[in-house]
Each structure stands twice: as structure tokens, then as C-alpha cells.
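Residue 337 in the working numbering is what sits at position 337 of the sequence shown, and the numbering runs on without skipping anything.
All residues carry an ideal CB built from backbone N, CA and C; glycine is no exception.
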Amino acid sequence: MKEIVSHFAIQGTVKDVRPLGNGLINTTYKVETVEKEAPDYVLQNVNVSIFPDIDLLMNNIVEVTGHIRKKLEAANTYDIDRKVLNFVPATDGKYYYFDGEKYWRVMVYIPDTISKTGVSLESSYIVGKTFANFQAMLADIPVQLGETIKDFHNIEWRLQQLRDAVAADPVGRANEPEVKQLLDEIWKRADEMSKSERLYREGKLPKRICHCDTKVDNILFDQNDNVLCVIDLDTVMPSFIFSDFGDFLRSAANTTAEDDPDLKNVNFNFDIFKAFTEGYLEGARCFLTPIEIENLPYATALFPYMQTVRFFADYINGDTYFKVTYPEHNLIRTRNQFRLLQCVEEAFPKMQEFIKSQL
């Protein structure tokens, strides 16, 4: 590990390298230095099976953090180094190092921080406001960023994956009666749910720089519970603002786990929706267009619909993508997400009314 760190332009002498956190995608270590005046660092092994274009990935991150830093400097922000991530270049000038087998990157460690997890009204409001502010800071970024995961939230592509799964039917599940019934419900909504891609092609809906993984876990706080900065920037890429809005509510506003087989437990927590939306509009109304605001209820429905499609395609394909612990696991997830979608659809008038009240 020390040998790997030696390929980066860090300050100070490395004293120790030890595991940090429990991230599911990248393996992370804390690099401690000897000198008091030198910072500590975070060393990460980047998972290129998920993010295959390391140059595009790191270019996105460096452009985003650089733009945020300029904004903070222009506003004479106090303690900037704690309010934006700072990546360290390798000795060859790139922002990663390839050791012949793995890709590595280094950023400055921000000390005395708190990470949070879980969903509450307070955390939902904070997540909404923080990620809206993040989008607002990047609304005028002067460069074109790339997609780190191609078509990640493209519903038309996800629907095509489902069509392909049904056509191939590799394990003979496509003709099960319940499968046919669920497919009918999905196809019935396909045109309406593809509205975002259609509006984009018509030039009516913009793509913006979004985080695409909105949750309180991806925010760093100081010891007094003040927000410092947004972290885990690998999924930052051009997308509809619906990605940051709808995906948070899909998981946070579901009243049960996404694989709970008892559909009576599935409901849409409207109080979580209100708290998150209040925070989000507080930070984002300065740049959102009327069509983006008008379609926030659609965004709330889009993501349980998209997850229904993804779980269902994997079930029909024989469970090749999502980890399962029993044969019907993906079917249970599909039913769960579809029930959540129905609950969101029932809440449409209330969502529209609440959003109007916030403007």
C-alpha cells in the first residue's frame, strides 16, 4: 500500500495505511502521515468493472470538484478544504495510478467529520436541500461531462432490456400467468413513463449534472451537524434532475424494505416526500425550469417503475444481475416496487398540490 501511495504527489511521510469504511463498490484505506502539518489521505481502489472508463470517471470528478472550489472561492467561503473533495494527482499528472492490475486514486482526508445513515424527516429535508445546492453549483459548469454508467437511468433502454428478456426467455419464466399479468401493467404505462426521454429529444427537458446516488450516507457533516460536502462522486454525470429527486424517494419513502413479500407493508410515506421536496425546492427553484418542476410527481413514479422493470427483467433472465437468496427473490422485489408505484400514482394529486404550495 505504501508503494502505491508513493506514486501520488502527497505531502509528508506515510506512517500507516489501514482499511476505512465499508463501501460496496470501491475498497478504501486511510493513509496516515507522520508530520502534523501534513494532511492524511484516502486511498481507493476503483472498481472498473462498474466504472470501466477510468479517464472519463476521473475527468468528471476533477472538473466537478474544481468548479465547486471556484464557486466557494468566489463566495469567500470559510474553510474551503473541508467543503469540497480534493483529489491528488499521480506523479505522471493523471488522477489515478495503474499498478498493472488495479486502478488507484488518492484524495485528501477531511478530519473531524460525521457520516449518517437512515431516513427521517430531518435527514430527508437535509438530503433534498444539499443535493439541490450541489446541482445548483454545477448548473453552469462550462465543460461537457460523460456518462460514467451509460444509460443508467434511461427508461427506454431499461424497457428494451425487458423486451429482450421476454423474447429470449432463457429459463422459461416469461409465460408464467403472474409474469404475463405484470407485463401487461408495465406495457400499459410504458409510453407515459418514457416521457422524460421524449421531452429531451423534443428539446423541452434539459440534462444537468446530477449526483445520481442521493442519500444521507453521501453527505459529510462536521461535529456540529452542519453539512460540509457531498461525497462519492463516481456517479456524477449528465442526467435529468429526476434522477436525484425520484431515486431518493423510491427507497426513502417506501414504508418497508424493497424485498418485503407482504405487500400490505408497502406504502408511500408522504411526510418523507414533503420534507425532501421542501428542502429540494429551497435549493433548486433558482435554476429549475417550469417543466422540471411540473414533472416532479412523474419523477417520483418513474423510479419505482424503472426498478420494477429492472428486477423483472432479471427475474425473467434467470437472476443474472441482482443477488438473490431464493428463486422468487427478484419476483418478490418486482411485486414490491410495482405496489409502491401504485401508491405513488394514488398520491399524484397531493404531490402536485404540495409542490404548488412551495413555489
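Per the DSSP secondary-structure output, residue 168 pairs with nothing in a beta bridge. Sorting 270, 107, 231 by C-alpha distance to the C-alpha of residue 250 places 270 at the top. Look at residue 16 here: in three-state DSSP terms it is strand. Straight across, the Cα-Cα distance linking residue 38 with residue 11 is about 6 Å.
For residue 332, the uninterrupted alpha helix (DSSP H) segment begins and ends at 329–346.
Following the DSSP letters along the chain, one finds residue 144 in no beta strand (DSSP E), marked with neither H nor E. A straight line joining the alpha-carbon of residue 108 with that of residue 231 spans about 12 Å. Boundaries of the alpha helix (DSSP H) around residue 272: 270–284. Here the C-alpha atom of residue 334 lies approximately 44 Å from the C-alpha atom of residue 5. Ranked by how close their Cα comes to the Cα of residue 280, the residues 358, 8, 118 have 358 in first place.
If you draw a straight line from the Cα of residue 293 to the Cα of residue 301, it comes to about 14 Å. Collapsing the DSSP output to three states places residue 155 in a helix. Taking C-beta separations shorter than 6 Å and ignoring five residues to either side along the sequence, the partners of residue 165 in its chain run 313, 316, 317, following chain order. For the beta strand (DSSP E) assignment, the uninterrupted runs of no fewer than 3 residues enclosed by the region 57–127 are, from N- to C-terminal side, 103–108. Taking 8 Å as the upper bound for CB-CB distance, residue 268 and residue 182 are not in contact here, some 19 Å apart. In the pairwise beta carbon analysis, the region 26–36 is classified as not touching the region 75–83: fewer than three pairs are separated by under 8 Å.
Of the candidates 275, 113, 139, 26, 139 places its Cα closest to the Cα of residue 211. Just measuring C-alpha positions, the residue of 353, 305, 255, 344 sitting nearest residue 120 is 255.
In the three-state scheme derived from DSSP, where H, G and I count as helix and E and B as strand, residue 194 is classed as coil.
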